[in-house]
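Colleague:
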Amino acid sequence: MIAHSGIGTQIQNVLALLTATPEVRLHLLGAEREIRRFLPDFAGPITEFNSPIYSMREQVHFPGPDIDEILHVPHYNAPVRYLGKTLVMLHDLIHLQSREFAKPQYRIYASSLLAMIARRAAHIATVSDTTRMEFLKRYPRAAPKTTVLYNGINHGLFRPTGGDVQRKFRRKYDLPAEYLLAVGIGKMHKNIDFVIRSLAPLWRSGTLKEKLVLAGTAGKLPEYVSAALERERAQDHLVLLPRVPEAELPAMYGAARLFIFPSLLEGFGFPLIESMACGTPAVSSSASCLPEIGADAALYFDPRDPESLRRAVRRVLEDRKLSQKMRTGGLRRSADFQWQKHVHGLIELYRTISPRIND
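Numbering (the numbering used here), first residue to last: 942 to 1300.
1) If you follow the beta strand (DSSP E) that histidine 1064 is in, where does it begin and where does it stop?
2) Can you list, in chain order, the stretches of the beta strand (DSSP E) that have 3 or more residues and sit fully within the stretch 972-1025?
3) Secondary structure at tyrosine 1194, three-state DSSP: helix, strand or coil?
4) DSSP three-state call for alanine 1043: helix, strand or coil?
5) Quick check: what's the CA-CA separation for aspartate 982 versus isoleucine 943?
6) Would the beta-carbon of valine 1124 fall within 7 Å of that of proline 1212?
7) Count the CB pairs spanning the stretch 1169-1184 and the stretch 1195-1211 that are closer than 8 Å, and state whether there are at least three.
8) Check this for me: beta carbons of methionine 1057 and valine 1001, under 7 Å apart or not?
9) Look at the Cβ atom of valine 1257, then the Cβ atom of serine 1264, and state whether they are nearer than 7 Å.
10) Can you tell me which of the three DSSP states leucine 1287 falls into?
11) Among Leu1098, Glu989, Glu1041, Ser1069, whose alpha-carbon lies nearest the alpha-carbon of asparagine 954?
12) With a threshold of 6 Å on Cβ separation, who are the neighbours of valine 1301 within its own chain once the five nearest residues in sequence on each side are excluded?
13) Straight-line CA distance for alanine 1043 to leucine 1077?
14) Extract the residue ranges of the alpha helix (DSSP H) inside the stretch 1046-1100, only unbroken runs of 4 or more that lie entirely within it.
15) Would you say glutamate 973 and isoleucine 987 are within 7 Å of each other, going by their C-beta atoms?
16) Given alanine 1276, which residues of its chain have a CB within under 6 Å of its CB, disregarding the five upstream and five downstream residues?
17) I need the straight-line Cα distance from arginine 1184 to arginine 1061, nearest angstrom please.
18) Is the separation between the beta-carbon of serine 1229 and that of glutamate 1207 shorter than 7 Å?
19) Using a threshold of 7 Å, state whether the C-beta atoms of methionine 1030 and proline 1015 are closer than that.
20) Starting from leucine 958, trace the alpha helix (DSSP H) in both directions and tell me its first and last residue.
21) Could you check whether isoleucine 1234 and glycine 1210 sit closer than 7 Å to each other, using their CB atoms as the reference points?
22) Output the boundary residues of the alpha helix (DSSP H) element that contains valine 1136.
23) Could you tell me the distance, in whole angstroms, from the CA atom of glutamate 1215 to the CA atom of isoleucine 1094?
24) Please state if the CB of isoleucine 1133 and the CB of valine 1166 are separated by a distance shorter than 7 Å.
25) Between which two residues does the alpha helix (DSSP H) containing leucine 1258 stretch?
26) Could you give the first and the last residue of the continuous beta strand (DSSP E) run that contains leucine 1122?
27) With burial defined as no fewer than 16 other Cβ atoms inside 10 Å of the residue's Cβ, what is the status of histidine 1130: buried or exposed?
28) Please name the residue, chosen from Lys1026, Asp1246, Arg1273, that lies closest to isoleucine 1065 on a Cα-to-Cα basis.
29) Any idea what DSSP makes of phenylalanine 1211, helix, strand or coil?
30) Give me the DSSP bridge partner(s) of alanine 1156.
31) Taking tyrosine 1023 as the reference, give the member of Ala1141, Ile1008, Lys1262 with the closest Cα.
32) Span of the alpha helix (DSSP H) holding isoleucine 1035?
33) Along the chain, where does the beta strand (DSSP E) containing valine 1180 start, and where does it finish?
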């Protein structure tokens, strides 16, 4: 998953720091071509492993670690044979929570594997306390070996941009001078249709002039969003961005008057912190881990109550002092999330696990 968003972002940033840490000797397992793409200078051993994720083949063909190696698995699809020496990164429990994964094959796979991880893994790291508590509700006996390690963001990339950079971005993608921004990956728990339904009355009445720009779907409108647009006759109020290069993301966030994050389920919520780091006020769903991550730097709404979102949007757009306060608070809050802290925590966990697997 190194090339994915979310989990892939974490893998890329963690490996970049671990490869620069002399005390850690890395042996990477995965598709070598993809690994070389992100780590062209890595000089350690790579074992080719490219079985389909969540498959039985993935379990059967997993190349076991050497006897004295800790196995760090960056997602919950851990090899059950080696759980006793494995640190499992747990990002969320969406496969147990989302209606999109309600089919028996998803639920059985996730629940059985997570139960084995809870019993047998050497240690489990979660990316938020919300994810940790959701996990422990189901598997309370795993509490002593479960640690929260918050993700970081790339502060060299995500930072405020100047007006010229933002104007160039708007010209390139033919965007209005002022817009609202939301991101999603096509999954229904991202709740983008809720934003359309909530803002449609404001657009119809002329109360809201700003269009909604949707990014993160690689230029493809998710079916559930297009259905909402058609029902609300709001097609003229949405602008769909194609895939935006990573280097342009700060301009995308920074040029927006307001970032809206309506998600119902998140393990961490990278876009919320990324938008704050770029100096953009954010209104966020009050669901899942988002109040934990955004703290008092965001304004929260009930992601099932359209009037709640409308109130939040109007407050920020109409109150310049509040908007500026949120910009300042967001910059301060985003600074708390550093990859160096995350990797330091990982190394401490490696030290904790190592004596046990070598006994």
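Every residue gets a Cβ at the ideal spot worked out from N, C-alpha and C, and that includes glycine.
Modeller: Reading it off the structure:
1) To locate residue 1064, count along the sequence shown from 1; it is residue 123. It spans 1064-1067 - the beta strand (DSSP E) in which histidine 1064 sits, taken as one unbroken run.
2) 987-989, 1012-1014
3) Start at 1 with the first residue of the sequence shown, and residue 1194 comes out as number 253. Three-state DSSP puts tyrosine 1194 in a helix.
4) One-based indexing of the sequence shown puts residue 1043 at position 102. Looking at alanine 1043 - three-state DSSP - the assignment turns out to be coil, as it is neither helix nor strand.
5) On the sequence shown, residue 982 is found 41 positions in, with the first residue counted as 1. On the sequence shown, residue 943 is found 2 positions in, with the first residue counted as 1. For aspartate 982 and isoleucine 943, the distance between alpha carbons rounds to 16 Å.
6) Residue 1124 sits at position 183 when you count from the first residue of the sequence shown. Residue 1212 sits at position 271 when you count from the first residue of the sequence shown. Going by C-beta atoms, valine 1124 is nearer than 7 Å to proline 1212.
7) no
8) Here residue 1057 corresponds to residue number 116 of the sequence shown, with the count starting at 1. Here residue 1001 corresponds to residue number 60 of the sequence shown, with the count starting at 1. Result no, Cβ atoms of methionine 1057 and valine 1001 do not sit closer than 7 Å.
9) Here residue 1257 refers to the residue found at position 316 when the sequence shown is read from its first residue. Here residue 1264 refers to the residue found at position 323 when the sequence shown is read from its first residue. For valine 1257 and serine 1264, yes; Cβs fall inside 7 Å.
10) Position 346 of the sequence shown, counted from the first residue, corresponds to residue 1287. Three-state DSSP puts leucine 1287 in a helix.
11) Counted from its first residue, the sequence shown places residue 954 at position 13. Asparagine 954 has its Cα closest to that of Leu1098, out of Leu1098, Glu989, Glu1041, Ser1069.
12) Examination of residue 1301 is not possible in this model, given that the chain is present from 942 through 1300 alone.
13) Here residue 1043 refers to the residue found at position 102 when the sequence shown is read from its first residue. Here residue 1077 refers to the residue found at position 136 when the sequence shown is read from its first residue. Their backbone Cα atoms lie some 21 Å apart in a straight line.
14) 1070-1079
15) Within the sequence shown, the letter at position 32 stands for residue 973. Within the sequence shown, the letter at position 46 stands for residue 987. The answer is yes: Cβ separation under 7 Å.
16) To locate residue 1276, count along the sequence shown from 1; it is residue 335. Closer than 6 Å at the Cβ level, and outside the excluded window around alanine 1276, lies no residue.
17) Taking the first residue of the sequence shown as position 1, residue 1184 is located at position 243. Taking the first residue of the sequence shown as position 1, residue 1061 is located at position 120. Arginine 1184 and arginine 1061: Cα-Cα distance of roughly 40 Å.
18) In the sequence shown, residue 1229 corresponds to position 288, counting from 1. In the sequence shown, residue 1207 corresponds to position 266, counting from 1. Yes, the pair counts as a contact, with Cβ atoms nearer than the cut-off.
19) As a position in the sequence shown, residue 1030 is number 89, starting the count at 1. As a position in the sequence shown, residue 1015 is number 74, starting the count at 1. For methionine 1030 and proline 1015, yes; Cβs fall inside 7 Å.
20) Position 17 of the sequence shown holds residue 958. Looking at the DSSP string, the run of the alpha helix (DSSP H) that includes leucine 958 is 948-959.
21) In the sequence shown, the residue the question calls residue 1210 occupies position 269. In the sequence shown, the residue the question calls residue 1234 occupies position 293. Contact: yes.
22) Position 195 of the sequence shown, counted from the first residue, corresponds to residue 1136. Taken as a continuous stretch (DSSP letters only), the alpha helix (DSSP H) holding valine 1136 covers 1133-1146.
23) Here the question's residue 1215 lines up with position 274 in the sequence shown. Here the question's residue 1094 lines up with position 153 in the sequence shown. Each residue's alpha carbon lies about 7 Å from the other.
24) Translated into the one-based positions of the sequence shown, residue 1166 becomes position 225. Translated into the one-based positions of the sequence shown, residue 1133 becomes position 192. Contact flag set, yes.
25) Position 317 of the sequence shown, counted from the first residue, corresponds to residue 1258. 1247-1259 is the span of the alpha helix (DSSP H), which, as asked, contains leucine 1258.
26) As a working mapping, residue 1122 is identified with position 181 in the sequence shown. Leucine 1122 -> beta strand (DSSP E) spans 1120-1124.
27) As a first step, residue 1130 is located in the sequence shown; it is residue number 189 there, counting from the start. Histidine 1130 is buried by the Cβ-count criterion.
28) Residue numbering aside, residue 1065 sits at position 124 when the sequence shown is read from its first letter. Nearest C-alpha to isoleucine 1065: Lys1026.
29) Within the sequence shown, the letter at position 270 stands for residue 1211. The answer is helix: DSSP assigns phenylalanine 1211 an H, G or I state.
30) Within the sequence shown, the letter at position 215 stands for residue 1156. Looking at the DSSP assignment, alanine 1156 forms a beta bridge with Val1124.
31) Here residue 1023 refers to the residue found at position 82 of the sequence shown. Cα-wise, what sits closest to tyrosine 1023 is Ile1008.
32) Sequence index remark: in the sequence shown, residue 1035 carries index 94 (1-based). Looking at the DSSP string, the run of the alpha helix (DSSP H) that includes isoleucine 1035 is 1035-1038.
33) Within the sequence shown, numbered from 1, the residue matching residue 1180 stands at position 239. 1179-1181 is the extent of the beta strand (DSSP E) around valine 1180.
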